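In what follows, a single structure is set out as structure tokens and then discussed.
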Amino acid sequence: NRRKRTLRVVGAFGRSVRSDLYLAQDVETQEHIAAEVFTLTGESRGLDLQRVHDNLFVSAAFLAESPVLSRDRRRLLLPYDAVTVPSQPPFEELNPGQSNYPVANYFLLMPPPMMSLETLHRIVDHEEFLTGDIGRVVRMVLTAELIRIAANIQIRGLVHGRITSENLFIMPDGRLMLGDVSALRKVGTRGPVSSVPVTYAPREFLSNTETAAFTHALDAWQLGLVIHRIWCLILPFGLVTPRMKRSGRRPSMRVPGLDVLSVEACTPMPDAVEMLVRHFLNFNTRKRLLPLTAMGTPEFRQLQLDISTSLSSK
Numbered sequence: 001n002r003r004k005r006t007l008r009v010v011g012a013f014g015r016s017v018r019s020d021l022y023l024a025q026d027v028e029t030q031e032h033i034a035a036e037v038f039t040l041t042g043e044s045r046g047l048d049l050q051r052v053h054d055n056l057f058v059s060a061a062f063l064a065e066s067p068v069l070s071r072d073r074r075r076l077l078l079p080y081d082a083v084t085v086p087s088q089p090p091f092e093e094l095n096p097g098q099s100n101y102p103v104a105n106y107f108l109l110m111p112p113p114m115m116s117l118e119t120l121h122r123i124v125d126h127e128e129f130l131t132g133d134i135g136r137v138v139r140m141v142l143t144a145e146l147i148r149i150a151a152n153i154q155i156r157g158l159v160h161g162r163i164t165s166e167n168l169f170i171m172p173d174g175r176l177m178l179g180d181v182s183a184l185r186k187v188g189t190r191g192p193v194s195s196v197p198v199t200y201a202p203r204e205f206l207s208n209t210e211t212a213a214f215t216h217a218l219d220a221w222q223l224g225l226v227i228h229r230i231w232c233l234i235l236p237f238g239l240v241t242p243r244m245k246r247s248g249r250r251p252s253m254r255v256p257g258l259d260v261l262s263v264e265a266c267t268p269m270p271d272a273v274e275m276l277v278r279h280f281l282n283f284n285t286r287k288r289l290l291p292l293t294a295m296g297t298p299e300f301r302q303l304q305l306d307i308s309t310s311l312s313s314k
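In UniProt numbering, the protein residues as written are 1 to 314.
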């Protein structure tokens, strides 16, 4: 609709590759809203913004569902509105710190999460939080929910390519949801390599070309990385994990390093979870476990059983 809204920013949830997510409040209704703000750079930023807008509606068409159903069924944090500031240019240079950011005059509104998964990781890294049996159950639930989210994307023939802790959000009711839905694309289509966070890109994706095919194997690799972070806080293989105490220094899988998956320094990981992670992080793309297949494995069934047993004993 064309209703005029006045929004006041009251906090920040975090930043992804191309946008920031803020907590805002509608001044008139007092409703709390999550607002996605795009900070696109480069000479093609106008085209990039148009692509974001187009992809958002294409994604909704692929899903063939309303934003509410996508949130309930697919656990995708789809926006319910897009707004602009009237009489303002398409981009405005802002200086929130030491450098300028070209902020797009295009804001996506969606239900506000409680926090990002990245924020949860940082809390756990610095405080005694999610310890003992409760912490183990929470991690198992997050693991199972994440696999279901990725499988729901795969079954629709889509690839996200940005399944990262920054793009996963814990809602006030405890559900885990995946954001940055405008990143969804049909499986097999080619896209810019730069659109995938470099530390979350598998080696086969980091070719010398500017574009690469977006496959289910890409999402599976990222799924393994995020589950590893749920239990270990840091990325595996010595990859850089910003702001984490035990972060490695390897900038990407393109750089030579130790390609051995170790979970010794992690929160004790159930055998079923460790096996799933190892299969998701298989360097052989043909043998890499895909999310939809994972849901039919004995390991996933064991994970579900462990969750049910733990919850029923509380």
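All C-beta atoms in this analysis are idealised placements derived from N, C-alpha and C, irrespective of residue type, glycine included.
Fair warning: this is a prediction, and the values are worked out from it, not measured in the lab.
Tell me residue i's beta-bridge partners as DSSP assigns them.
i    : result
T212 : Before going on, a small fix: residue 212 reads as Ala here, not Thr. G191.
V83  : F107
D26  : L7
A12  : Y22
F169 : S116 and M177
Classify residue i as buried or exposed, calling it buried when 16 or more other Cβ atoms lie within 10 Å of its own Cβ.
i    : result
F283 : exposed
E36  : buried
D133 : exposed
E92  : exposed
S313 : exposed
F129 : exposed
T215 : buried
R190 : exposed
R243 : exposed
Distance, Cα to Cα, residue i vs residue j?
i    : j    : result
R249 : P89  : 40 Å
H160 : A183 : 6 Å
R74  : M177 : 8 Å
R136 : P236 : 20 Å
K4   : V85  : 9 Å
Q98  : T297 : Because the pLDDT of Q98 is 48, which lies under 50, any placement of that residue in the model is unreliable, and the number read from its coordinates should be weighed accordingly. Distance between the alpha carbons of Q98 and T297 is about 49 Å.
F280 : L21  : 28 Å
H121 : I227 : 12 Å
Under the three-state reduction of DSSP, which class applies to residue i: helix, strand or coil?
i    : result
N105 : strand
E274 : helix
S308 : helix
I163 : coil
F280 : helix
A34  : strand
Q302 : helix
T39  : strand
E93  : strand
R288 : coil
Do residue i and residue j have their C-beta atoms closer together than 8 Å?
i    : j    : result
M253 : P202 : yes
S116 : F38  : no
I155 : D219 : no
A34  : P111 : yes
L49  : F169 : no
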